[in-house]
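This report refers to the structure that appears directly beneath it.
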């Protein structure tokens, strides 16, 4: 079966712009979680969506937002980009909500560079 | 606060055994995970411990002591392909509210 698909793989944006990243989960998976990975902080939890509802949220500013569609695909948006937003953004899908790792399948991520 | 510590880098020789330690202090605990991540790739699941003790899976074993807030990942018969980053992560909540809190990862280099 197809894995978790994240698009685009690479992105370069300018400070102040906004960006939208996409994550298509494994077929049948209804939960999508987003993580930010940086060399200094490791992976940090952004939010989780299940059945089009945000179920859990990490400690990121309001510039980071997301949504989930009826087909379980999810998007995350970052507005007013800052240099510190440069990171690898990973999504993970799972069958159920709040599994926090159980049954997670990660995508390969979107590498965002802010210049 | 939430804190997960693991060594930043380790080096080992092909064929040898290496132990990667992880200590944690989290407000909740509902399981500990180890993931492997090769450069530029997605993290992949290695192991999950929720009870104290050792879980063995082929060349990989993981140990948990909840009272000590401590885990380790043991890799035996190291192969060059084991060169990767190893991520320790704690699930911090019960039921359907859990999310993963990650350490910064340990980069393991296996040398011939």
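Protein chains in written order, with the numbering used here: chain A, 117 to 231; chain B, 212 to 323.
Glycine included, C-beta positions come from ideal geometry on N, C-alpha and C.
The structure displayed is predicted, hence computed values, not measured ones.
Quick check on residue i - is its C-beta less than 8 Å from some C-beta in chain A?
| i | result |
| --- | --- |
| residue 240 of chain B | no |
| residue 252 of chain B | yes |
| residue 315 of chain B | yes |
| residue 256 of chain B | yes |
| residue 310 of chain B | yes |
| residue 319 of chain B | no |
| residue 298 of chain B | yes |
Buried or exposed for residue i, going by 16 or more other Cβ atoms inside 10 Å?
| i | result |
| --- | --- |
| residue 124 of chain A | exposed |
| residue 319 of chain B | buried |
| residue 263 of chain B | exposed |
| residue 196 of chain A | exposed |
| residue 235 of chain B | buried |
| residue 321 of chain B | buried |
| residue 120 of chain A | buried |
| residue 302 of chain B | buried |
| residue 186 of chain A | exposed |
Measure the alpha-carbon distance for residue i versus residue j and round it to whole angstroms.
| i | j | result |
| --- | --- | --- |
| residue 323 of chain B | residue 224 of chain B | 6 Å |
| residue 175 of chain A | residue 265 of chain B | 33 Å |
| residue 224 of chain A | residue 248 of chain B | 10 Å |
| residue 173 of chain A | residue 163 of chain A | 4 Å |
| residue 228 of chain B | residue 291 of chain B | 13 Å |
| residue 298 of chain B | residue 200 of chain A | 22 Å |
| residue 222 of chain A | residue 287 of chain B | 25 Å |
| residue 184 of chain A | residue 226 of chain B | 46 Å |
| residue 178 of chain A | residue 216 of chain B | 28 Å |
| residue 158 of chain A | residue 151 of chain A | 10 Å |
| residue 139 of chain A | residue 122 of chain A | 5 Å |
| residue 191 of chain A | residue 130 of chain A | 20 Å |
Between residue i and chain B, is there a C-beta pair that is closer than 8 Å?
| i | result |
| --- | --- |
| residue 220 of chain A | yes |
| residue 191 of chain A | no |
| residue 168 of chain A | no |
| residue 202 of chain A | no |
| residue 161 of chain A | yes |
Checking 8 Å against the spacing of the C-beta atoms, do residue i and residue j come in under that value?
| i | j | result |
| --- | --- | --- |
| residue 219 of chain B | residue 312 of chain B | no |
(request) Quick one: which unbroken beta strand (DSSP E) runs of 3-plus residues sit fully inside the region 243 to 300 of chain B? Chain order, please. (result) When DSSP assignments are scanned along the region 243 to 300 of chain B, the uninterrupted stretches of beta strand (DSSP E) that are 3 or more residues long and fall wholly within it turn out to be 243 to 248, 255 to 260, 264 to 268, 271 to 276, 281 to 286.
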